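Number of protein chains: 2
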Amino acid sequence: MLSKTITKRITSLHLKKFRQQEQLFIAEGVKVVSELIAAGYFAEYLFTTAGTKQQFSAATLIDEAEMKRISALADASPVLAVFRIPKATSFKLDEITVVADGIRDPGNFGALIRLCDWFGVSQLLCAPDTVDLYNPKVVQASMGSMARVRVTYQDISNTIRTQPAPVYGAFMEGESVYNQVLETPCYLILGNEANGIRSETEESITKKISIPRYGKLQQTESLNVTTAAAIILAEMRRTSSGR
Amino acid sequence: MLSKTITKRITSLHLKKFRQQEQLFIAEGVKVVSELIAAGYFAEYLFTTAGTKQQFSAATLIDEAEMKRISALADASPVLAVFRIPKATSFKLDEITVVADGIRDPGNFGALIRLCDWFGVSQLLCAPDTVDLYNPKVVQASMGSMARVRVTYQDISNTIRTQPAPVYGAFMEGESVYNQVLETPCYLILGNEANGIRSETEESITKKISIPRYGKLQQTESLNVTTAAAIILAEMRRTSSGR
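Those protein sequence lines, which keep their order, are chains A and B. Numbered according to the working numbering, the first sequence spans residues 1 to 243. Numbered according to the working numbering, the second sequence spans residues 1 to 243.
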């Protein structure tokens with residue numbers, strides 16, 4: 001049975017403040033937990049319900065009601081781990097650096113990390129107000145890809161100033177992504193869901209690019225930030241590999 | 001002031017059961033509500049807080065606490081409308097039909113509708129267990145694009161049998177999307193977030209396609225369903241327009 005102290009300690013990690021204080025975070029779900037263990041993350045606690053006890057033999061068995069109590073998600077998973085937050089690495093210019101200028105939605109941010117991993121982008125630079133990497137919903141949506149993508153939170157403009165490279169940003173009025181070869185190393189800036197790219201970040205951009213819309217009658221004003229990133233990264237990889 | 005009866009009637013619409021019973025749904029946010037009004041959706045109720053009263057002059061002014069009480073979202077917007085659900089249209093084979101085989105996440109589904117709109121895909125066929133189009137989070141994530149994309153819920157295999165066309169599905173072991181010209185009219189099947197495309201749906205697929213991953217060392221097993229759809233639709237439109 002889970003003690004009150006442990007239950008309280010784990011549920012406190014639903015909040016960023018306590019994650020930072022304790023340097024711990026929650027990961028839920030068989031795939032995510034397995035991948036993080038395989039990647040060498042250190043599990044402070046590991047809990048499982050009966051169904052996955054065999055797979056996680058070292059885990060503490062708890063019942064579903066207890067799991068529900070410590071879970072940070074709407075639907076509790078059969079396995080939950082509390083991992084130590086690894087030491088932050090410092091930012092170093094890479095082939096492609098994806099830049100998140102204040103993305104707020106955990107699902108979007110997790111999908112973006114997964115997308116970076118898919119396309120071999122190993123670095124994500126985030127404005128300090130971007131959603132926390134260790135938010136349980138981000139951890140879940142990243143599906144383990146967070147183990148392979150370095151995520152740094154620091155001032156965007158300042159970072160670009162000290163480690164310069166071409167800076168691309170997606171805008172409605174930009175030039176079609178299909179009419180140019182994107183250089184590397186480079187930065188690719190993605191804006192916040194509601195407000196797009198901030199004006200102080202926009203000043204760093206050396207080339208505005210856009211994704212052609214299809215059909216003149218469409219009134220869509222923008223794409224979801226992660227879908228836009230998907231199309232641009234796929235195109236960068238397609239042209240660079242001569243497909 | 002909002003009466004108890006109205007408050008109760010509106011909050012009941014947070015649930016699919018009551019949306020279907022009353023044939024009403026909630027839309028929140030300035031952009032979404034404006035677009036649906038412009039598209040001719042009939043507002044049964046329209047509420048605004050002081051900040052946007054000028055823009056929605058016909059709306060009933062309520063205070064922020066009241067708005068929070070009726071809102072279905074974690075962060076209430078300054079405007080909320082209750083619209084009548086338009087009459088369902090019947091499915092008719094179109095140039096490209098995107099097929100959702102049981103997508104569950106409202107954010108993913110809303111982003112998919114927005115993506116279809118962007119690429120001029122006017123029809124989305126959904127397995128009956130796909131998340132409800134009128135779920136308030138889907139409405140919000142679709143950003144008004146739901147007014148321009150027909151969404152039908154019915155048996156997928158049966159529909160394809162009666163209105164046949166080439167059927168594409170994204171799989172890890174499929175052929176690269178860059179090595180082929182996708183024919184139209186066609187169906188493009190997207191699977192559920194956790195379980196992918198169901199085996200009974202898979203039987204309808206005439207061609208398995210895949211998105212090339214970059215870098216051999218990556219262990220990512222899949223892309224988020226909406227990002228995968230984004231890359232495939234962008235590629236269909238790029239090749240068909242000779243970009």
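Every residue, glycine too, gets a C-beta built ideally from N, C-alpha and C. Nothing here was measured: the structure is a model prediction, and the numbers come from that model.
Query	Result
Assumed close pair residue 126 of chain A, residue 100 of chain A - CB separation to whole angstroms, cut-off 8 Å	5 Å
Partner residues on chain B for residue 105 of chain A, Cβ-Cβ distance less than 8 Å	107
Chain A within 8 Å of residue 169 of chain B, Cβ atoms only	no
Proximity to residue 190 of chain B [Cα-Cα], best of B/104, B/81, B/2 and B/162	B/104
Residue-chain proximity (residue 195 of chain B, chain A), Cβ-Cβ < 8 Å	no
Whole-Å CB distance - residue 84 of chain B paired with residue 23 of chain B, under 8 Å assumed	6 Å
Opposing strand residues paired with residue 191 of chain A [DSSP bridges]	A/101
Contact list for residue 231 of chain A against chain B, beta-carbon separation under 7 Å	230, 231 and 234
Bridge partner(s) assigned by DSSP for residue 186 of chain B	B/96
Three-state secondary structure assigned by DSSP to residue 82 of chain A	strand
Where residue 146 of chain B falls: helix, strand or coil (DSSP)	helix
For residue 4 of chain B, the first and last residue of its enclosing alpha helix (DSSP H)	4-12
Residues that DSSP places opposite residue 61 of chain B in a beta bridge	B/48
Residue 48 of chain A versus A/38, A/37 and A/60, residue with shortest Cα-Cα distance	A/60
Residue-level contact to chain B via CB, residue 178 of chain A, 8 Å cutoff	yes
Alpha-carbon spacing of residue 46 of chain A relative to residue 58 of chain A, whole angstroms	8 Å
C-beta contact flag for residue 136 of chain B and residue 153 of chain B at 8 Å	no
Contacts around residue 114 of chain B, its chain only, beta-carbon distance under 6 Å, and the 5 residues preceding and following it disregarded	142, 143 and 145
Whole-angstrom distance between residue 54 of chain B and residue 169 of chain A, CA atom to CA atom	34 Å
Cβ of residue 27 of chain B within 8 Å of any chain A Cβ	no
Cβ of residue 111 of chain A within 8 Å of any chain B Cβ	yes
Residue 91 of chain B versus residue 163 of chain B: straight-line alpha-carbon distance, rounded	9 Å
Simplified DSSP assignment, three categories, for residue 110 of chain A	helix
Among B/161, B/132, B/6 and B/97, the one whose alpha carbon lies nearest that of residue 233 of chain B	B/97
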